[in-house]
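Engineer: Chains A and B, in that order, give the protein sequences. When you line the first sequence up against the numbering used here, it's residues 442 to 557, in that order. When you line the second sequence up against the numbering used here, it's residues 6 to 115, in that order.
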Amino acid sequence: DTAVSQTPKYLVTQMGNDKSIKCEQNLGHDTMYWYKQDSKKFLKIMFSYNNKELIINETVPNRFSPKSPDKAHLNLHINSLELGDSAVYFCASSRRLQGGTNEKLFFGSGTQLSVL
Amino acid sequence: AQTVTQSQPEMSVQEAETVTLSCTYDTSESDYYLFWYKQPPSRQMILVIRQEAYKQQNATENRFSVNFQKAAKSFSLKISDSQLGDAAMYFCAYEGNLIFGKGTKLSVKP
Chain A
442 DTAVSQTPKY
452 LVTQMGNDKS
462 IKCEQNLGHD
472 TMYWYKQDSK
482 KFLKIMFSYN
492 NKELIINETV
502 PNRFSPKSPD
512 KAHLNLHINS
522 LELGDSAVYF
532 CASSRRLQGG
542 TNEKLFFGSG
552 TQLSVL
Chain B
6 AQTVTQSQPE
16 MSVQEAETVT
26 LSCTYDTSES
36 DYYLFWYKQP
46 PSRQMILVIR
56 QEAYKQQNAT
66 ENRFSVNFQK
76 AAKSFSLKIS
86 DSQLGDAAMY
96 FCAYEGNLIF
106 GKGTKLSVKP
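(1) Taking the C-alpha atoms as reference points, what is the distance between B:Ser79 and B:Thr25?
(2) Using 8 Å as the threshold, is the segment 444-452 of chain A in touch with the segment 516-535 of chain A, meaning 3 or more CB pairs across them?
(3) Alpha carbon to alpha carbon, what distance is there between B:Arg55 and B:Gln74?
(4) Quick one: is B:Phe105 near chain A, going by C-beta distance under 8 Å?
(5) Residues of chain A with a CB under 8 Å from the CB of B:Gln49: which are they?
(6) Can a CB atom of chain B be found closer than 8 Å to the CB of A:Ile486?
(7) So that I know if they touch, is there some Cβ in chain A lying closer than 8 Å to that of B:Met16?
(8) Go ahead and pull the three-state DSSP assignment for B:Asp91.
(9) Checking contacts by CB at 8 Å: is B:Phe40 closer than that to chain A?
(10) Against chain A, which members of the segment 65-99 of chain B pass a CB distance test of less than 7 Å?
(11) Would you mind reading off the limits of the beta strand (DSSP E) that contains A:Met473?
(12) Using the beta-carbon of each residue, which ones in chain B are nearer than 8 Å to A:Ile497?
(13) So, A:Val453 versus A:Ser555, is the Cβ gap smaller than 8 Å?
(14) Going by the DSSP bridge assignment, what does A:Gln464 pair with across the sheet?
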């Protein structure tokens with residue numbers, strides 16, 4: 442049973458296209474995240490949702506739009522893809538603790554996005 | 006702003022030996038969590054160990070332990086009896102998993 446599953450694992454597309462990555466967690470967690478890992482392996486948070494509500498929105502181009510239909514799902518839609526968007530995108534979830542801090546992350550297996 | 010620094014881009018260790026990966030962070034908070042994650046070539050991110058800042062005792066998980074120095078804002082990871090399967094990128098992460106270090110690539114020599 443996969444705790445955090447994201448699809449697709451690989452995505453190859455042309456510049457200018459619009460694409461979506463889906464993420465689902467079956468852990469009952471309140472908080473979900475999207476991270477971007479660049480070619481130098483640097484991992485940076487993009488978005489975080491808590492109970493379907495956006496709580497973190499880092500400096501990310503408007504072409505990236507997260508959508509959380511329910512607390513078990515957090516999808517990432519990217520418009521007008523650019524070469525610089527090529528990266529591995531990780532979805533993750535965690536339990537939210539009292540005081541607002543977050544428990545350990547459970548990661549999906551990542552989506553390798555290649556923009557040609 | 007909080008920051009996390011991993012000053013060793015790459016490290017190497019002989020199988021069965023011990024290696025320490027360093028991590029320093031900057032924060033004005035007094036209570037927080039610190040994490041070490043491992044990313045093997047399979048790309049999957051896996052939690053290695055977690056430390057709660059209000060706990061004096063260093064966290065330990067089997068062969069993995071931390072040396073947490075709160076005053077120095079240092080959070081190093083010690084891997085004992087290194088195994089080939091320990092070869093991976095290791096990331097230090099601060100509070101709420103919002104801030105990650107740039108990672109240390111660990112190689113294990115047979």
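Ideal Cβ positions, reconstructed from N, Cα and C, are used throughout, including at glycine. All values reported here derive from a predicted model rather than from experimental measurement.
Structural biologist: Straight from the coordinates:
(1) 12 Å
(2) yes
(3) 14 Å
(4) For B:Phe105, at least one C-beta of chain A is nearer than 8 Å to its own C-beta.
(5) Phe548, Ser550, Gly551
(6) yes
(7) no
(8) helix
(9) yes
(10) Met94, Phe96
(11) Looking at the DSSP string, the run of the beta strand (DSSP E) that includes A:Met473 is 472-478.
(12) Leu103
(13) yes
(14) Sequence inspection shows Cys at residue 464 of chain A; the Gln mentioned does not correspond to that position. Note: A:Cys464 sits in a beta bridge opposite A:Gln447.
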